[in-house]
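S.K.: Take 1 as the starting number for the sequence shown in the UniProt record's numbering and just add one per residue.
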Amino acid sequence: MVAAGRAAESAREEPLFVDPYAADFVAAGGMEEESIGTDAATREWDSFSSYLPVRTRFFDDYLLDATRTVRQVVIIAAGLDTRAFRLPITPEVTVYELDTPEMLAFKQQVLDARGAQPAGRRAPVPVDLREDWGSPLAAAGFEPSIPSAWLVEGLLSYLSPEHNDRLLSGISDRSAAGSRLSMEYLSVDAVALMATTVTGEFGTELQAMWRGGGVAEPAQPWLDRHGWDAETFDTYERAAAYHREMPPPGDPDLDRFADEARNGLVVARRR
């Protein structure tokens, strides 16, 4: 679904970003091309497809700013993220992509078929985020003694509050002073709302994947407790800054979720 959204945005006349590989992932994953367009034009798709470009552009801007000074980037649960390829990152920057072996293998197969080359250095790191991911990251060359930039996008809703707290502890323990962190924050309340609101087959899958997920504390106190000074951003304000309309979903349940999650774009700096 995320790759389809990126492909759809990339095909717009004035896109907020261009992901030249998104359509390849969609095709390789066996999705019908029509599923990017009218067949997926449900309330949920319309809401998601207006939000996704804003989220993606926000994190693009964060990484471009961070890599002006930071030389190592860690993308947690990277999935089909192609920022190491599509952003103008300098050759001195290493992008570590953490995800499951299966996901990284599929991604590499598609990228190889396209002859894709990263802008800087790229290090895929196969891990299980519920287990020890720090050791494989260190083995790939990550240096915790120097500042880094972390990205956690589209993940916290899939992990329990305990796993999310453990994840943030692991990030914090490996972050030198001055490190940067950006994430898509979702509270347990927002996750519960979304999981019970989305309909159809996708809704059934989402309820299973998101059951009990999210963060139990507000974003800023949670990050502060782990040694980060955080700022939250209103998604609707970011959309306006990008000259995009992001209307409320127009459904009472989806509207409640959108309101609960509207301050979920976060940028933080390690003390």
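Ideal placement from N, C-alpha and C gives every residue a C-beta, glycine not left out. Every value quoted in this text rests on a predicted model; they were computed, and no experiment measured them.
Go to S172, then tell me how far its alpha helix (DSSP H) extends in each direction, as first and last residue.
M.R.: Taking the sequence shown and counting its residues from 1, one reaches residue 172 at position 172. S172 -> alpha helix (DSSP H) spans P161 to D173.
S.K.: Could you pull the DSSP bridge partners for L265 from this structure?
M.R.: Sequence index remark: in the sequence shown, residue 265 carries index 265 (1-based). DSSP output for L265 lists E184 and F233 as bridge partner(s).
S.K.: Whose CA, out of P91, V93, R121 and V127, lies closest to the CA of A105?
M.R.: Sequence index remark: in the sequence shown, residue 105 carries index 105 (1-based). Considering only alpha carbons, the answer is V127.
S.K.: Suppose you measure from the CA of A66 to the CA of T90; what does that come to, to the nearest Å?
M.R.: As a first step, residue 66 is located in the sequence shown; it is residue number 66 there, counting from the start. As a first step, residue 90 is located in the sequence shown; it is residue number 90 there, counting from the start. Near 12 Å, if we compare the C-alpha coordinates of T90 and A66.
S.K.: Kindly indicate which residue of V188, G5 and S175 has the alpha-carbon position closest to the one of E143.
M.R.: One-based indexing of the sequence shown puts residue 143 at position 143. Among V188, G5 and S175, the Cα nearest to that of E143 belongs to S175.
S.K.: Would you mind working out which of W222, D19 and S47 sits nearest T82, comparing C-alpha positions?
M.R.: Locating residue 82 in the sequence shown gives position 82, counting from the first residue. Checking every option, the nearest Cα to that of T82 belongs to D19.
S.K.: Any idea what DSSP makes of A149, helix, strand or coil?
M.R.: Here residue 149 is taken as the residue at index 149 of the sequence shown, counted from 1. Three-state DSSP puts A149 in a strand.
S.K.: To which residues does DSSP link V73 through a beta bridge?
M.R.: Here residue 73 is taken as the residue at index 73 of the sequence shown, counted from 1. Paired residue(s): V95 and A149.
S.K.: Nearest by alpha-carbon distance to A190: which of G5, D173, D259 and H243 is it?
M.R.: Position 190 of the sequence shown holds residue 190. That would be D259, whose Cα lies nearest to the Cα of A190.
S.K.: Given that a residue counts as buried once 16 or more other Cβ atoms are within 10 Å of its Cβ, and exposed if not, what is Q117?
M.R.: Position 117 of the sequence shown, counted from the start, is the residue given in the question as residue 117. Classification of Q117: exposed, given that the 10 Å Cβ count is below 16.
S.K.: Quick check: what's the CA-CA separation for R71 versus R244?
M.R.: Here residue 71 is taken as the residue at index 71 of the sequence shown, counted from 1. Here residue 244 is taken as the residue at index 244 of the sequence shown, counted from 1. Near 32 Å, if we compare the C-alpha coordinates of R244 and R71.
S.K.: With 16 as the cutoff for other CB atoms within 10 Å, does T94 come out buried or exposed?
M.R.: Working through the sequence shown from its first residue, we reach residue 94 at position 94. Flag for T94 reads buried.
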